[in-house]
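What follows is a short report on a single structure.
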Amino acid sequence: MVVKSFSRGFSLAEILVAIPLVAVISMSLAYFGSIYSFSNSQTIGRFRCQIAVHNLLTLVQAASDTAALTVVSRHIQGGGTAGPLLTSSPAHPDGSSALTVSSSVSSVTGYGMTFGGSPAMPFHVAVTDETTGARSEIITYVTTH
Amino acid sequence: MELLSVIALSTIFAGISLGPLMMQFSLVFESNARVAEVNRLMEAALLVSRTITQSRAFASSFAFTGDENLTWTDETGQVHTILEQVTGSITTDASNDQTVVIRLEGKRIPGGATVRMLAYPLR
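The listed protein sequences correspond, in order, to chains A and B.
Numbering of the first sequence is given in my numbering, commencing with residue 1 and proceeding in unit increments.
Numbering of the second sequence is given in my numbering, commencing with residue 1 and proceeding in unit increments.
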């Protein structure tokens with residue numbers, strides 16, 4: 001039976017090889033860690049966009065007698081149909097950094113539907129988190145546009 | 001002398017490589033916890049939103065109890081705990097066509113996390 005002895009010290013050459021190896025492995029792990037963190041921040045960004053879109057559609061639903069684009073524009077900085085979502089708006093998911101909204105009603109002939117006698121048009125609303133690039137978009141139909 | 005040089009070099013390299021790595025790991029753990037917290041709040045807010053919309057529950061049937069629980073009292077008077085370790089408010093917003101603003105503030109991570117979701121009771 002062969003028993004190896006580990007009691008000897010490391011030579012300078014071994015240490016000079018081992019140290020850069022540890023450094024490279026550590027930096028690789030740190031790199032993957034940073035990718036993981038970025039992925040997490042993107043996930044949160046996506047959550048925020050989804051909530052904002054849900055909130056804007058809820059506001060459109062509540063204001064049933066008002067044009068969808070008019071409702072959305074009340075919550076956009078500058079009052080247009082596209083731009084930063086007001087952080088003070090109840091549609092904003094957490095009131096922190098601004099999200100960007102874009103909304104439109106498609107008027108492509110043949111895409112309109114009719115609900116209960118009222119003509120309905122496709123209504124697009126999209127929210128983008130500029131920090132992470134995460135985006136959420138919903139297309140639904142509105143009768144007031 | 002050689003040994004001292006090796007020890008000094010080792011310490012410097014270990015500091016350079018392991019320091020940022022440890023910091024990176026702590027950032028990963030923190031961001032994981034934040035994702036989980038926001039997800040928890042989002043699911044609870046969605047549940048409240050659905051309850052208000054579908055069962056036509058009133059905002060006043062939801063309460064934040066002293067021990068930081070979000071509860072809902074149903075039509076039979078039974079109290080359901082929806083979420084723990086949370087504060088916030090569930091209020092009717094008269095300026096936005098009587099929508100209900102659900103604002104939840106989680107307490108499980110340092111600094112907390114906030115989610116604000118709207119509901120519209122179909123009455």
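Beta carbons are placed, not taken as given, at the ideal position from N, Cα and C, and that holds for glycine.
In the DSSP assignment, what are the bridge partners of residue 138/A? 125/A
Any chance the CB of residue 104/A is under 7 Å from a heavy atom of the ligand SAM? Looking for the ligand SAM in the displayed structure turns up nothing, as the structure carries no ligands at all.
In this structure, how does DSSP classify residue 86/A when only helix, strand and coil are distinguished? coil
Let me know if residue 99/B comes out buried or exposed under the rule of 16 or more other beta-carbons within 10 Å of its beta-carbon. buried
Can you name the residues of chain B whose CB is closer than 9 Å to the CB of residue 59/A? 96, 97, 99, 118, 120
Under 8 Å by beta carbon: chain B residues contacting residue 12/A: 2, 6
For the stretch 25-39 of chain A, which residues have a beta carbon sitting closer than 7 Å to at least one beta carbon of chain B? 26, 27, 29, 30, 33, 34, 36, 37
Hey, does residue 110/B have any beta-carbon neighbour from chain A nearer than 8 Å? no
Interface residues of chain B around residue 95/A at Cβ under 8 Å? 114, 116
Measure the beta-carbon distance from residue 93/B to residue 90/A and round it to whole angstroms, keeping in mind my assumption that it falls under 8 Å. 6 Å
Whole beta strand (DSSP E) runs in the stretch 27-97 of chain B with 3 or more residues, listed along the chain? 62-64, 69-73, 79-84, 86-93
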